[in-house]
Amino acid sequence: MARYSYDCPVRWSDLDAFGHVNNARFLTLYEEARAALMFLAARAEGLTTLEAGTVIARHEVDYLRPVDFGEPVRIELWLAEIRNASFRVSYELFDAGRLASRATSVLVPYDLAAGRPRRLSTAEREFLSRWTEA
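Numbering (numbering that gives the first Met the number 0), first residue to last: 0 to 133.
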């Protein structure tokens, strides 16, 4: 299985009153990794339609251990499922090499001008399929 790996800094503002990354901020860390794949990596290959409109339909997060301020965390992500008009991204977040969280997100390609979901294009499907489970 091909995984996309992204090193994400933990910011002081990510911390809660207990000095750990706030549970809601995990979604921001996952978002940064997802955006790096869908926007930066895709754009480097000439694909810009994913950044033109994609919305979140669902998030699910398992918190396995606290993450403290310090070194960047490594987020690995892959496509667990690609359907005609949605796809599911799976993530694992590692802190100092130890698994700290797992998550999944369901994303829907969206036509912002028409205000409605759309189907994945062939080019989008081909790009995303490089990161699917074997």
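Every residue, glycine too, gets a C-beta built ideally from N, C-alpha and C.
Small disclaimer: the values here were computed from a predicted structure and weren't measured.
Alpha carbon of residue i to alpha carbon of residue j, nearest angstrom
| i | j | result |
| --- | --- | --- |
| F93 | R115 | 35 Å |
| V9 | A84 | 33 Å |
| E31 | F25 | 10 Å |
| D110 | H58 | 21 Å |
| F38 | R97 | 27 Å |
| P108 | R118 | 7 Å |
| Y90 | L46 | 22 Å |
| I74 | L63 | 14 Å |
| A40 | A16 | 35 Å |
Neighbour-count burial assignment, residue i, 16 or more Cβ in a 10 Å radius
| i | result |
| --- | --- |
| L76 | buried |
| T121 | exposed |
| A154 | It is not possible to answer for residue 154, since the shown part of the chain is limited to 0 through 133. |
| R13 | For the record, residue 13 in the displayed sequence is Asp; it is not Arg. Buried, since its Cβ has 16 or more Cβ neighbours within 10 Å. |
Among the options, nearest to residue i - alpha-carbon criterion
| i | options | result |
| --- | --- | --- |
| A95 | E123, P65, A113, R82 | P65 |
| R42 | E123, R87, A102, S128 | E123 |
| D6 | F38, V72, E59, V20 | V72 |
| S128 | Y62, R87, A16, T47 | R87 |
| A113 | G52, D13, L46 | G52 |
| F68 | V54, F126, N21, E132 | N21 |
| T131 | E80, A102, T103 | E80 |
| T103 | E50, I55, H19 | I55 |
DSSP bridge partner residues for residue i (one or two, in chain order)
| i | result |
| --- | --- |
| Y109 | P116 |
is_contact[residue i, chain C] using C-beta, thresh 8 Å
| i | result |
| --- | --- |
| F17 | Of the chains in the structure shown, none is chain C; there is only one protein chain. |
Could you give the uninterrupted runs of the beta strand (DSSP E) lying entirely in the region 69-106, keeping only those of 3 residues or more?
Taken in chain order, the complete beta strand (DSSP E) segments of 3 residues or longer contained in the region 69-106 are 72-81, 86-94.
Quick check for students: name the residue ranges of the beta strand (DSSP E) that lie wholly in the region 20-67, counting only runs of 3 or more.
Runs of the beta strand (DSSP E) inside the region 20-67: 53-62.
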